[in-house]
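Numbering (numbering that gives the first Met the number 0), first residue to last: 0 to 399.
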Amino acid sequence: MKSQFDKKLRVLLVENSAVDCKVIDKMLQSSPYGRFESQFAGSLEQAFILLAKQNFDVVLLDLNVDDCTGLETLKRFHRKFPHMPVVVNTGSYQDDLGLKAITKGAQDYLIKGMYKSYVLVKSLYYAVERKKAEEELKGAYNKLQQTQTQLIQAEKMNVIGGLASGVAHEVKNPLATILYGVEYLNTALKSTDEKVVLTLESIKEAAKSANGIIKGLLDFASLTNLKKEPENINILIDQAVNLIRPQCERINVELKKDLQSDLPLIKIDCNRIKQVVVDLIVNALYAMSDGGCLVIRTYAKKFAEQDIGWVDKRSKSLIKGEDVVIVDFDDTGPGIKAEYLIKIFDPFFTTRRASGGIGLGLSIARTIMNSHGGVISLQNKQEGGAIARLIFKANKKGSL
Ligand SMILES: Nc1ncnc2c1ncn2[C@@H]1O[C@H](COP(=O)(O)OP(=O)(O)OP(=O)(O)O)[C@@H](O)[C@H]1O
Ligand SMILES: [Mg+2]
């Protein structure tokens, strides 16, 4: 039968008394239980050097070493190696020190001279298992917290989306009245008074801009009647790029296409996806207002979890291994600030409000992609810049 002490443990003894080191090592090597390979460090500094170079399973830590004393030794150790199981082994007997050590992250607390070899062996083996369980629990807790945040976020989006499209419907008609009214006054008054002309012009501009916002909001609501046809995304990208190229030249952005020639077709509503493509190109151009390079890349592959950047891990629509078509918008801008990453898909989140940003581009793009069973995600590149990525299910042959 397999014993709980079968596995060989690599133990680091952090201990500045040569005598104690010998005693402990003898206990470990002569024990009929367990197998050990031990090394020694007289100070925390030495321990850190050894731990950086080699793998250990557990650390037996004296609280009073060459370069540190008391609980501070444990705290410093834990700060540097929070995932390493630690058994405190100390000569100082104080009532509450043991408990304090446990609350500061130690797996067990032993007092020198008050234990025999079996207790030491058991403590070391159990510390390894306890730490493993603790780490698993922490992992599960973090995952739970992440899921909770995502659920709250999803609910928030639903509420905002519903509210926004409701308000948009209500505001649409009064706005149309204002716009028609301005047109009418313009022709009826035929005023030469500069103030009147300017006032009418600014009412018209303000109403038009509000109309733009409303149109965006209504896009949320009108995504049910999509006209999906099997399309080659490259053709659509060519059209979007032709539309936008003059703007790129003006702001000194080089626009490159790297499109796979034999791409599978994807089933999409062409106008909606073109809207997404244009939005992503425009976002990249705004990010590179001092010039740069935008590469639009298309390719087919088998889907893998890591294809989705961490900004949008919510999609459950794609299955590992299925055929997908990916479009990357790879820019050389400044990337997205870490604190904004979680917000960029929120309706009305924008970092360029002053220059006319509404903050609806990405949230509408996400709604459109979701309604195609696809995914949109953004991620920063290590070398700087961002990649916006669209992932579509490839159309199955025969289902054309
Ligand atoms: N390629 C990118 N590089 C850096 N930041 C980006 C990029 N794409 C989007 N962002 C950030 O995400 C924010 C939200 O983008 P989104 O498209 O939703 O709104 P917007 O572009 O600000 O306004 P609009 O409604 O006109 O599209 C942007 O304000 C910007 O801060
Ligand atoms: Mg945008």
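Glycine residues also receive a C-beta, built at the ideal position from the N, C-alpha and C atoms.
Any heavy atom of ligand 2 counts here; residues with a Cβ closer than 6 Å to one of them, in chain order, are Asp278, Val281, Asn282, Gly360. Of the heavy atoms belonging to ligand 1, at least one sits nearer than 7 Å to the Cβ of Arg351.
Out of Glu228, Ile295, Tyr32, the CA that lies nearest to the CA of Cys269 is found in Glu228.
In this structure, the CA atom of Gly97 is about 18 Å from the CA atom of Glu14. For Val10, the closest of Ala126, Thr72, Leu377 by C-alpha to C-alpha distance is Ala126. Scanning Gln3, Ala40, Ser2 for the CA closest to the CA of Ser16 turns up Ala40. For the pair Asp107 and Val86, the CB atoms are nearer than the 8 Å cut-off.
The beta carbon of Arg351 sits closer than 8 Å to those of Tyr285, all from its chain and outside the five residues before and after it, given in chain order. Taking C-beta separations shorter than 7 Å and ignoring five residues to either side along the sequence, the partners of Leu225 in its chain run Asp268, Arg271, Ser370, following chain order. Counting other Cβ atoms within 10 Å of its Cβ, Ser354 stays below 16 and is therefore classed as exposed. Looking only at Asp95, Asp66, Ser122, Thr102, the smallest Cα-Cα distance to Asn88 is reached by Ser122.
Contact check for Val240 and Met287: beta-carbon distance about 15 Å, past the 8 Å limit, so the pair fails to qualify.
The DSSP-derived three-state label of Arg75 is helix. Annotation for Gly334 indicates a beta carbon within 7 Å of some heavy atom of ligand 1.
For Arg296, the enclosing beta strand (DSSP E) stretches over residues 291 to 301. In summary, Leu136 is exposed, with fewer than 16 beta-carbon neighbours lying within 10 Å of its beta-carbon over all protein chains present.
The segment 20 to 36 and the segment 107 to 118 touch, with no fewer than 3 CB-CB distances between them shorter than 8 Å.
One Cα belongs to Lys99, the other to Gln38, and the distance between them is close to 26 Å.
Put simply, the backbone Cα of Leu199 is about 6 Å away from that of Val181. In this structure, the C-beta of Ser362 approaches ligand 1 to less than 7 Å from one of its heavy atoms.
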